[in-house]
Structure formats: C-alpha cells, structure tokens
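Engineer: Below is a structure I'd like to ask you about.
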Amino acid sequence: MENNQIIEQVTSGEYKYGFYTDIEMDMAPKGLNEDIIRFISQKKSEPDWLLEWRLKAYRHWLTMKQPNWGHLNIPPIDYNDIIYYAAPKSKKELQSLDEVDPELLATFNKLGISLEEQKRLSGVAVDAVMDSVSVKTTFSKTLEKHGIIFCSFSEAVQKHPDLVRKYMGSVVPYTDNYFAALNSAVFTDGSFCYIPKGVRCPLELSTYFRINAANTGQFERTLIIGDEESYVSYMEGCTAPQRDENQLHAAVVEIVAMKDAYVKYSTVQNWYPGNKQGEGGIYNLVTKRGICRGANSKISWTQVETGSAITWKYPSCILMGDNSVGEFYSVAVTNNYQQADTGTKMIHLGKNTSSTIISKGISAGFSNNSYRGLVKIVRKAENSRNFTQCDSLLLGDKCGAHTFPYIHDENKSSIVEHEATTSKISEDQLFYLQQRGISEESAIGLIVNGYAREVLKQLPMEFAVEAQKLLSISLEGSVG
Amino acid sequence: MEVNTNQLSLKADLIRLFEDNSDVLLAGETTEMIMHRKKAFELFRQNGFPNTKMEKWRNTDLSAAIKENYHIYFDPAFLEGIDLKTIFQCNIPSLVTDVISQLNGWFVSENGSLKKTQDGVIIGSLQAAKKHHADIVNQYLHSIANIEKNSLIALNTAFAIDGTFIYVPDNVHVEIPMQMVNIIRHYRNIFIQNHNLIILGRNARLQLLQCDDSVDQQRSVTNTVTEVFIGENSSLDHYKLQNKNNNSTFINSAFFNLEKNARLLTNGITLNGGMIRNDIHVTLNGEHAEANIMGVYLMDGSQHVDNQVFVDHAYPNCFSNELFKGILDDSASAVFNGHILVRRDAQKTNAYQNNKNILLTDKATVNTMPFLEIYADDVKCSHGTTIGQLDQNALFYLKSRGIGDDNARLLLMYAFAAEVINYIGIEPLRIRVDDMVKKRLRGELSICDQCVLHCSSKEKPVHFEIDMSKI
Chain A
799 MENNQIIEQV TSGEYKYGFY TDIEMDMAPK GLNEDIIRFI SQKKSEPDWL
849 LEWRLKAYRH WLTMKQPNWG HLNIPPIDYN DIIYYAAPKS KKELQSLDEV
899 DPELLATFNK LGISLEEQKR LSGVAVDAVM DSVSVKTTFS KTLEKHGIIF
949 CSFSEAVQKH PDLVRKYMGS VVPYTDNYFA ALNSAVFTDG SFCYIPKGVR
999 CPLELSTYFR INAANTGQFE RTLIIGDEES YVSYMEGCTA PQRDENQLHA
1049 AVVEIVAMKD AYVKYSTVQN WYPGNKQGEG GIYNLVTKRG ICRGANSKIS
1099 WTQVETGSAI TWKYPSCILM GDNSVGEFYS VAVTNNYQQA DTGTKMIHLG
1149 KNTSSTIISK GISAGFSNNS YRGLVKIVRK AENSRNFTQC DSLLLGDKCG
1199 AHTFPYIHDE NKSSIVEHEA TTSKISEDQL FYLQQRGISE ESAIGLIVNG
1249 YAREVLKQLP MEFAVEAQKL LSISLEGSVG
Chain B
817 MEVNTNQLSL KADLIRLFED NSDVLLAGET TEMIMHRKKA FELFRQNGFP
867 NTKMEKWRNT DLSAAIKENY HIYFDPAFLE GIDLKTIFQC NIPSLVTDVI
917 SQLNGWFVSE NGSLKKTQDG VIIGSLQAAK KHHADIVNQY LHSIANIEKN
967 SLIALNTAFA IDGTFIYVPD NVHVEIPMQM VNIIRHYRNI FIQNHNLIIL
1017 GRNARLQLLQ CDDSVDQQRS VTNTVTEVFI GENSSLDHYK LQNKNNNSTF
1067 INSAFFNLEK NARLLTNGIT LNGGMIRNDI HVTLNGEHAE ANIMGVYLMD
1117 GSQHVDNQVF VDHAYPNCFS NELFKGILDD SASAVFNGHI LVRRDAQKTN
1167 AYQNNKNILL TDKATVNTMP FLEIYADDVK CSHGTTIGQL DQNALFYLKS
1217 RGIGDDNARL LLMYAFAAEV INYIGIEPLR IRVDDMVKKR LRGELSICDQ
1267 CVLHCSSKEK PVHFEIDMSK I
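Here the protein sequences come in this chain order: A and B. With our numbering applied, the first sequence has no gaps in its numbers, which climb one by one up to 1278 at the end. With our numbering applied, the second sequence has no gaps in its numbers, which climb one by one up to 1287 at the end.
As structure tokens, this is what we get:
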C-alpha cells in the first residue's frame, strides 16, 4: 500500500545530526573506583565536603542493584568500561566567541544553533556544555545585574559553595535510586541557576548539552533554585553525534521553588537513537525532580523526547507548599528499535495543590513507548486536584504503546481524573487533508503536529520552532 | 482427614503437609497430573507466599493472614451428617436456580456427587468428575491456570482436591441459572483451597451465580481457583456475590478462556469481606470474542478489596469492556489493577477500561492502576479512572427537594453503584442485589443479617442458655 510505502520511506530517515568533533581531550582512565572519584574531584579542585559526599554516594551505590522494573530491555552495562571524566583542554576563560575553538563553533553551526544567531535573534543566554565542561557563557552581564546566578555547576561549587551545599541533594538525595547515586558519585559538570527573591528572570535560560568524545558517559547535574516570588524559564536541548558504542547518560536535575516562585523547565532531547537495526544509541537514564517548597509555588516540566535508544525518566513534582501547582507536558517519539518508559510523579502533600499531566506518546517502527506515572495524594492534601491525559499514537503494526498509571489517593476531598486513549491516525483525517492536495507525508506530519500541539505550545517560543523541526525530522523519520 | 498447621511458618507447615500427605493429595491422579501438581508444589516451595515487595501485591498485604494457624481438611469426611439447609439457605424470592453447594471448599452431595441431566449437562464434584469423566477433565483441568507467575495458583494446584465441576455440552442452552454456593463454617481458623472447573461447549449457554458467604465470624483463608472455558458461539453470564466476614481472607483467581464469537459477562458484587482479592484473567482466544468484566465494591471498616483484571487480546476483532466502581467508607482500602494486553496481530481490537471510586472519609484509600499494553496499531483502547466524592451540586439539588442529607447521600451512592448492578441479567437476582446494595449502603447488611444475636459486636454481649427440649 502507498501508505505503508511512505511510512517505510520516512521511517528509514537517517539521523541527521551524526557527526563527531575532534577536540583534544583530557581523560581519566576507564573504570570506576574511589580513586577515579578522587581524581574527578581533584581535577575540579572541589572542597572536601563535596568529595566526601561523592564518596558516600559511591559507597551507597555499591550496595545497590540496577533496577529492572521498567518496560525496557536494557543490555547489561559495564560500569567499569566507562570513562568518567573527559574535558576539552581549554585553558583560559574566554571573553568572546572568537576565542572559542572554531571546530566547536562549527559543531554548533551544523546543529543550526550558532551562538551568534541565538544571541542576536532570540536574546537567549547560552551556557554551552560540551563534554561536561562549560565552554561559554553569554549574557552573563544582564543576568548579573539582576543578581541571577547562572553558571556551570563547577563554577558554582567554587563561587557559591553555600548555596550548592544547602540545596544539592535536597530534592534528589544520593540514596534516591541507582542512577542518581551513580551520578552523585561521578558527576562532572552541569548547570547551576539561582534566581534571587522577587526577581523575574528577563531571559530564557538555556544550555546545550552534547555528548562528544567516545566512551564517555555524561553525568551532569543541574540545580535550579527559584527563591521567593521569582520566575525563571529554563531550557535544555540536546543532540549527540552518531556513534556505534552505547553511551550512558545518567543526569540529575533538581529544582527548588520557594514561596510564590515559578520555575518552568523545558527540554528537547534528541540524542543519537541508534541505527535502524537498533545498534548503538544513548541510554538516557535520568532523575529529574522538583519540589514546590513554599506556598503558591509552581513547577512546570515540558519535554520533547525524540532521541536516545533507551529513555527512562520521570520528571516529578513534590507539591509540598499549600496551593502549589505541578505541571507535566510531554511528547515522546520512538522509532526503529527505540525504547522509552517515561512519565511523571505528582506527589501532593500540601492543601489545595493541583497537578496537570498531558502526555503524548508516538511510536513507530519496532519501538516501544510507555507512559508510567504516579499521582499520590496523601491524607493531609485536602482539596487537591489532578488531571491526567495520556494518549498514544501507533504508526505501524510492529510497535508498542503502553500506559501504566498509578494512582494512590487517601483523601476524600481530592479529585483525580485520568484518561487515556490509544489509536492510530484516522483514515478520515488523512483523506480530508489529501483531498485538499496535501501530500500524504505532509498530512501525517500535520496530524501528528496537531496531536502534539497541546504540549508543543507550552514550549518557549525559541524552542517551539526547534521542537517542531525536530518532531518533523523524527516524524519524517518516525511517524512518517 | 484433617490436619492443623501449628509449627513454623504457614509456608513451612504447608510444605511439610504436602510432603507427608502427598499420597492422599495425589491419589487417583494421572501421571501427567501428578507431575504438574508436584511442579506446582516446587514452585510454591521456591516462591512462598506473595509479599508486598512484589509489584502485583504491593498494596495487598497477606502477612497478617499467614501468621495464623489453620485447620485443613484433606477429605470431606467432616460433611458426614451435616445438613446444609440448616446452615444456609438462599432466600431470594422467585429466583429459581440449580444449587451446587460447597461447604469449606468441599462439594456437598445431596443426591450423589455427580448429576447428569437429559441434555448431557454434568454438574457435581470435581473430585468425582476426575474419576468418572476423566476424558473431559484431563483435557481442561490446570490448562489455563498459570502456575508460573503466581505462587498462590501453584499452591492451589498442589493442594486442591475438590471443587465444583460444570460441563455444558455443545448446543445446550441451560435455562435455569446455576448457583454455586460456597459457605464457610467452622469452629476454628480454617484454610481452604478448592478448584472449580466450568466448561461450555459450542453454541452453549449458561447463567452462573457464584455466592461466597461465611456464616460466622471465624477466621478463614480461602484460595480458590476457577477455570472457565467458553467454546465457540457460547455465552456465559457469571455473577459473583461476595459477602464474607471481616476475618476472612479470600483470594479468588478466575481464568476465562473465550473461543471465537464467545461472550462473557462477569459481574462481581463485593459487599463485605476482610480482605478480598479477585484475580481475573480473560483470554480472548478467537475472533469476535466479547468480554464484559464488571465489578462493584462497597467497603467499610478496615476492609480491603483488590481487583486485578488482566485481559489478553490474542486475536483480532475482539471486544472487552471493564467497569469497576467502588465506594469506600471508614478506613477501607481498594486496589484496582486493570491490564489490557493487545497482542501484535490483534488488530481492530476495542478495549475499554474504567474505574471510578468514591471516598467517603479521609481514612479510606484507593490505589488504581489502569494499564494498557498495546502492540497493534489499528485498535481503539481507552482507560479512565476517577476518584472523588459525592457531587455537592447533586446533593444540594436533592436536599432542596426536601430529601434529608442521609437519604440524599444514599440515593447518590446507590445511583453510582447501579450502573454496574443494571448489567445483571437475571431479574430476581438484580432486584435482590439492588436491595442488598441499598441495605449495605445503610450499613445494615452483614452476614449476621438474619440473626438477632449480635454475637460479633462487643457492645452487645449475648449469653443465654436455652434448653432446646422444652421448646
């Protein structure tokens, strides 16, 4: 059938962002032990308390086992076959883009996210993380004026140790889970963001993470703190070069929202998903969690997941403050042999808390896409409210779409609603569009974009364009 | 023969009992069956009782129940001289049924252990059927109750000797509903394991009512497995009425296998029970099979109900619909785990799943997990779940019409439950269940319904000695 042909044609689209930047690396030997952790800590001239914390995390990690409850098939990971530290050999602090390694700039240009472009057109401050070490920070002056701290995690450890010490591990303790413990032991860098009391961040903050050198797991750690009455919109986007060996990515993201604060976190994830035979690709095993600590605070997660061979993450909200709000908007696309088990956890602790979950899963090829979510309402969370909608779209008859919601309610005044549907693209819609002269491929793209619209419209403007482009690339490659 | 568990843990006791009595337990079985049951026993030995660390048992804790000691019967000798009619009588007006009774998990024979009607319908004890209808029994028994995944099924397979056997041959429509009454009455703690086997041939039809009652407050653990085979173009209406005491732990695993064009309605009405677990597995094993799986649970006190429903869409063009509704009072808790599996080639599947709960107090808890696992693209699947309380506007509306608060609440709760009750196709039964639900919502229904002694409530201790000879 023609339809099948087109799906086949589109699903066979190759990964367009696969290339490899050759930059001199400063590497730790392969393997994981206490010496490696000391090496990382020493490389980053960290204070003793942080080294101690890392070692505690490592010792705890040794007592744990890799979990296997996900609807995923994860090949065994040899944690001793990973290089835990790799940094580009940049020597001095850079003042302008001219000083940045031209090869690195070319990489960004190929990705279509040139720093100049970003700077000039969108007014976005970009903290580009390449292989775990922050290379360039722009717009820092504007941010400085407002007292906003936005820097790499290692810089924050040096310059704002009190803040880091106070909040790091307060949302995701190193005992939380296997991958969080691993990250706590070996994290190399990441982003740190602090918005002071009463400040509305004038810029969309953004970082681009890239996994670059071969055989390096990327273990970044992000910490965002919105102090009272502050607002920030934080964006994170990822693309990675094509590589044959599987790479492990175990990041931790922590968000703290104090009283009346609003933190919006958006991400587009497009790491290398492996080739059409399901070889290679990134393992994206990430712990993301935010806590609405004060009253009336709000945390909003928006994610567009198109990449990675395995995605396993649940960006969560702990709604501790009264009247706090948690939101989760997600589009997850899987194609070929990709596997995703993603969703969220909304834990209602405070009174009058509310949460919204909108999840759109799209699976094509031989992939498996699962939504797994927890809504927990404890006894004290009076008048709390949850609405969940998770829809799945199946493209092709070899893929799987699964929904595993968990709802735990102990409070009579709460209202919880959950609905989900699974379907394929309606023939009628397709026919209608084609009848108007739109080619089948564009029609499918249109329908899928419409299907995901609810989530895409939550993305900041600058991101929405890229996300749509990404979706069409993956869709061109996936939905077909 | 009867034995007691008394020493170590219940698991160790059961293992010892099986090893000591395997000749009694496995008597008269075919070699294949013995192999199978021994394998089941080994699986239980390995895995023991489920615990809350297991995903499927996270919210249902058996540990309190398995701490106790129990009495176990290995043969039905105790039935000698018992007239079941004096213990329990179904009093649904104008409901005419063929009653099949079990007491403490053993078939109670009134006129022989097996009955064959003119149509060829066979009703009776499973133990007897194994002997007299080995050809039928061996073809079906233990074939769909999977012992690998659930150690309680394995335990049942190893131990269960008796139960109910129903066979409806091809082209037979059974006009009078059958009623399986399972009663527990015992003077001390009792552990019951029985196995029911129900077979419908092609173009057959059966209405089956399964009543599980206890008639006293004694502690009991019941681990029942029911295997149901519904042949091509056949139809089964299955109603379960569960009204058990607060000291009972009732694990009810039912496996349904539907062939092409088969139709199943299973409707579980859970009115009372200390801890009730319903494991329902439905396999749609032929095209155009249709399954309606309903349930309503009304729990209070510290009662716990757990409904696990697994629907396997193995063939295209099948339909399944799950609807479970519950009202939870006091510190009652409910678990619902629906799991729809649509296999790779099961295209044009329609599968729906709905779980609605009303929490009346702040101590009640609901855990609901409506899962979908889908591997085919041309399907329509949906699931929905809600947890809430009575609609304040509706309440106000009723009150503004001069209906008192209590009655208005009852009315709304009744309307909520009625959606499931209305699926009951046997008119007198529906009226009766309707009535029972109303009573239950008023808090008047318990197993002591017909008794004036109130022996279960500590506030009203009753001591009297009556010399029966003088009456």
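Heads up, the beta-carbon is just placed ideally off N, CA and C, and yes, glycines get one too.
Measuring CA to CA, which of G1159/A, V1123/A and G1248/A is closest to N1150/A?
Structural biologist: In the first sequence, counting from the first residue as 1, residue 1150/A sits at position 352. Of G1159/A, V1123/A and G1248/A, the residue nearest in Cα terms is V1123/A.
Engineer: Please state if the CB of Y1204/A and the CB of G1325/A are separated by a distance shorter than 8 angstroms.
Structural biologist: Residue 1325/A falls outside the range modelled here, since chain A spans only 799 to 1278, and no answer is possible.
Engineer: Of all the options D1195/A, N866/A, S1157/A and R1091/A, which has the alpha carbon lying nearest to the alpha carbon of I1023/A?
Structural biologist: The residue you call residue 1023/A lines up with position 225 of the first sequence. Selected option, being the one with the closest Cα: R1091/A.
Engineer: Using the three-state DSSP reduction, which class does I850/B fall into: helix, strand or coil?
Structural biologist: Within the second sequence, residue 850/B is the residue found at index 34, counting from 1. Helix at I850/B.
Engineer: So does the stretch 1081-1095 of chain A actually touch the stretch 1103-1115 of chain A, counting three or more Cβ pairs closer than 8 angstroms?
Structural biologist: At 8 angstroms Cβ cutoff, the stretches touch.
Engineer: Name the residues in the stretch 1192-1204 of chain A whose C-beta lies less than 8 angstroms from a C-beta of chain B; which are they?
Structural biologist: Those residues of the stretch 1192-1204 of chain A that come within reach of chain B (Cβ to Cβ, closer than 8 angstroms) are L1192, L1193, G1194, D1195, K1196, C1197, G1198, A1199, H1200, T1201, F1202, P1203 and Y1204.
Engineer: Helix, strand or coil: which one does DSSP assign to D839/B?
Structural biologist: For the purposes of this step, residue 839/B is identified with residue 23 of the second sequence, where counting begins at 1. D839/B: helix per DSSP, three-state reduction.
Engineer: Excluding sequence positions up to five away, which residues of its chain have a Cβ less than 7 angstroms from the Cβ of G760/B?
Structural biologist: As displayed, chain B neither begins before 817 nor continues past 1287, which places residue 760/B out of reach and without an answer.
Engineer: Does chain B have any CB closer than 8 angstroms to the CB of A1218/A?
Structural biologist: Counting from 1 along the first sequence, the entry for residue 1218/A is found at position 420. True, the Cβ-Cβ gap to chain B drops below 8 angstroms.
Engineer: When Cβ atoms are compared, which residues of the stretch 1123-1157 of chain A fall closer than 8 angstroms to chain B?
Structural biologist: Of all residues in the stretch 1123-1157 of chain A, none has a Cβ within less than 8 angstroms of some Cβ in chain B.
Engineer: Consider the Cβ of I1189/B: report whether some Cβ of chain A lies at a distance smaller than 8 angstroms.
Structural biologist: Position 373 of the second sequence, counted from the first residue, corresponds to residue 1189/B. Before going further, note that residue 1189/B is Glu rather than Ile in the sequence given. Chain A contact via Cβ: present.
Engineer: Between which two residues does the alpha helix (DSSP H) carrying N1209/B extend?
Structural biologist: For the purposes of this step, residue 1209/B is identified with residue 393 of the second sequence, where counting begins at 1. Taken as a continuous stretch (DSSP letters only), the alpha helix (DSSP H) holding N1209/B covers Q1208 to S1216.
Engineer: What number of angstroms, rounded off, separates the C-alpha of A1265/A from the C-alpha of Q1023/B?
Structural biologist: As a working mapping, residue 1265/A is identified with position 467 in the first sequence. As a working mapping, residue 1023/B is identified with position 207 in the second sequence. Distance between the alpha carbons of A1265/A and Q1023/B: 56 angstroms.
Engineer: From the beta carbon of P1186/B, is the nearest beta carbon of chain A less than 8 angstroms away?
Structural biologist: Locating residue 1186/B in the second sequence gives position 370, where the first residue counts as 1. Cβ-Cβ to chain A under 8 angstroms: yes for P1186/B.
Engineer: What are the uninterrupted segments assigned as beta strand (DSSP E) that are 3 or more residues long and contained completely in the stretch 1175-1258 of chain B, given in chain order?
Structural biologist: Taking only runs of at least 3 residues, the beta strand (DSSP E) segments lying wholly in the stretch 1175-1258 of chain B are 1181-1190 and 1196-1204.
Engineer: Distance cutoff 8 angstroms, beta carbons only. Does V1246/A sit that close to anything in chain B?
Structural biologist: By one-based count along the first sequence, residue 1246/A stands at place 448. Judged by the 8 angstroms Cβ criterion, V1246/A is not in contact with chain B.
Engineer: Have a look at Y889/B and L930/B and give me their C-alpha separation to the nearest angstrom.
Structural biologist: For the purposes of this step, residue 889/B is taken as residue 73 along the second sequence, with counting starting at 1. For the purposes of this step, residue 930/B is taken as residue 114 along the second sequence, with counting starting at 1. Going from the Cα of Y889/B to the Cα of L930/B covers about 21 angstroms.
Engineer: Within the 8 angstroms Cβ cut-off, does A1192/B reach chain A?
Structural biologist: The count along the second sequence starts at 1 and reaches residue 1192/B at position 376. Chain A, which has a Cβ nearer than 8 angstroms to the Cβ of A1192/B, makes this yes.
Engineer: I'd like to know whether the C-beta of K1255/B is nearer than 8 angstroms to at least one C-beta of chain A.
Structural biologist: Along the second sequence, read from residue 1 onward, the residue named residue 1255/B stands at position 439. Cβ-Cβ to chain A under 8 angstroms: no for K1255/B.
Engineer: Going by beta-carbon coordinates alone, are S978/B and I999/B separated by less than 8 angstroms?
Structural biologist: Looking up residue 978/B in the second sequence gives position 162. Looking up residue 999/B in the second sequence gives position 183. Sequence check: residue 978/B is Asp here, not Ser. Cβ distance not < 8 angstroms, so D978/B and I999/B don't count as in contact.
Engineer: If you compare alpha carbons, which of W867/A, L870/A, G1148/A and Q956/A is closest to D846/A?
Structural biologist: Within the first sequence, residue 846/A is the residue found at index 48, counting from 1. Residue Q956/A is the option with its Cα nearest to D846/A.
Engineer: Within the 8 angstroms Cβ cut-off, does G1200/B reach chain A?
Structural biologist: As a first step, residue 1200/B must be located in the second sequence, where it is residue number 384. For G1200/B, the answer is yes, since a Cβ of chain A falls inside 8 angstroms of its Cβ.
Engineer: Cβ closer than 7 angstroms: which chain E residues qualify as neighbours of E1208/A?
Structural biologist: Judged by its chain identifiers, the structure shown contains no chain E, and its protein chains are A and B.
Engineer: In angstroms with no decimal places, state the Cα-to-Cα distance between Q840/A and Y883/A.
Structural biologist: For this step, residue 840/A is matched to residue 42 along the first sequence. For this step, residue 883/A is matched to residue 85 along the first sequence. Cα-Cα distance, rounded: 11 angstroms.
Engineer: I want to verify the contact list: residues of chain B whose CB lies under 8 angstroms from the CB of S1165/A, in sequence order.
Structural biologist: The sequence position of residue 1165/A within the first sequence is 367, counting from 1. Per Cβ cutoff of 8 angstroms: no residues; S1165/A is ~11 angstroms from chain B at best.
Engineer: Listing by chain order, which chain B residues have their CB less than 7 angstroms from the CB of E1215/A?
Structural biologist: Within the first sequence, numbered from 1, the residue matching residue 1215/A stands at position 417. Neighbours of E1215/A on chain B, chain order: T1202.
Engineer: If contacts are defined as beta-carbon pairs under 8 angstroms, then F990/A and S950/A qualify, I think. What distance do you get, rounded to the angstrom?
Structural biologist: Here residue 990/A is taken as the residue at index 192 of the first sequence, counted from 1. Here residue 950/A is taken as the residue at index 152 of the first sequence, counted from 1. About 7 angstroms separates the two Cβ atoms, so the contact holds.
Engineer: I'd like to know if the stretch 1190-1206 of chain A and the stretch 1136-1145 of chain B are in contact, where contact means that at least 3 CB-CB pairs between them fall below 8 angstroms.
Structural biologist: No: fewer than three Cβ pairs fall under 8 angstroms.
Engineer: Which of helix, strand or coil does DSSP assign to S1182/A?
Structural biologist: Here residue 1182/A is taken as the residue at index 384 of the first sequence, counted from 1. Coil, per DSSP.
Engineer: Give me the chain B residues within the contact set of R1177/A, using Cβ-Cβ distance strictly less than 8 angstroms, ordered along the chain.
Structural biologist: As a working note, residue 1177/A is residue 379 in the first sequence. Residues of chain B passing the Cβ test: D1178 and K1179.
Engineer: In chain A, what lies closer than 9 angstroms to L1175/B by C-beta?
Structural biologist: One-based indexing of the second sequence puts residue 1175/B at position 359. Going along chain A in sequence order, the residues near L1175/B (Cβ under 9 angstroms) are D1207, E1208, N1209, K1210, S1211 and S1212.
Engineer: Excluding five sequence neighbours on each side, which residues of the same chain lie with their C-beta closer than 6 angstroms to the C-beta of L1211/B?
Structural biologist: In the second sequence, the residue the question calls residue 1211/B occupies position 395. Closer than 6 angstroms at Cβ, skipping near neighbours: A1224.
Engineer: Nearest CA to the CA of S1161/A: which residue from V1246/A, V1054/A and I947/A?
Structural biologist: Residue numbering aside, residue 1161/A sits at position 363 when the first sequence is read from its first letter. For the residues V1246/A, V1054/A and I947/A, the minimum Cα distance to S1161/A belongs to V1246/A.
Engineer: Please report the distance separating the alpha-carbon of Y1131/B from that of K901/B.
Structural biologist: Here the question's residue 1131/B lines up with position 315 in the second sequence. Here the question's residue 901/B lines up with position 85 in the second sequence. Their backbone Cα atoms lie some 45 angstroms apart in a straight line.
Engineer: Alpha helix (DSSP H) containing T973/B: first to last residue?
Structural biologist: Within the second sequence, residue 973/B is the residue found at index 157, counting from 1. Unbroken alpha helix (DSSP H) run through T973/B: S967 to F975.
Engineer: Would you decide whether V912/B is buried or exposed? Buried here means 16 or more other CB atoms lie within 10 Å of its CB.
Structural biologist: Numbered from 1 along the second sequence, position 96 holds the residue referred to as residue 912/B. The residue in question, V912/B, is exposed, as its Cβ has fewer than 16 Cβ neighbours within 10 Å.
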